[in-house]
Amino acid sequence: MSIQFLKLPWLTQLEVLKQLKIEEVFVISLCSEKLKRKVQSLNLKPGIVKYYFMENAIVAVVKDSEHDEVIHNVAMVTRVQEDPDDSFITIKLGGKKVTCK
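Residue numbers for the sequence shown follow the UniProt record's numbering, so the first one is 1 and each next one is one higher.
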């Protein structure tokens with residue numbers, strides 16, 4: 001049985017988000033604008049989030065602000081070959097627009 005997270009009371013949503021790992025919170029924040037705002041309202045201070053846009057992948061990591069060391073590998077999106085028959089969508093990732101399948 002699935003639970004409709006956005007229909008839970010506000011404080012319950014915040015408590016659930018506080019219990020998640022930073023990688024899970026990051027992925028949830030990418031699901032929708034509403035969830036992104038909920039995550040932002042937590043005022044988490046994970047360090048510095050860096051995005052690396054490479055030829056075949058996009059990587060997001062959290063770094064320690066003092067030592068510039070990677071604390072968490074948050075997400076990696078691999079590029080796939082384009083198929084002219086598939087439809088693409090554009091999403092925002094770290095403030096940048098990214099086209100994906």
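Even glycine gets a Cβ: it sits at the ideal position worked out from N, Cα and C.
Identify which residue in the options has its Cα closest to the Cα of residue i.
i   : options              : result
V27 : T12, V61 and T99     : V61
L44 : L6, E23, T12 and C31 : E23
N56 : V49, I3, L11 and T99 : T99
K92 : M54, L6, N73 and S32 : S32
Is it buried or exposed for residue i, if we count other Cβ within 10 angstroms and need 16 for buried?
i   : result
L17 : buried
Suppose contacts are defined by Cβ-Cβ distances below 8 Å. Is residue i in contact with residue j by that definition?
i   : j   : result
K21 : S29 : no
I58 : V77 : yes
L42 : L14 : yes
G47 : K63 : yes
T90 : K97 : yes
Taking 8 Å as the CB-CB cut-off, is residue i touching chain B?
i  : result
K7 : No chain B is present in this structure, which holds just one protein chain.
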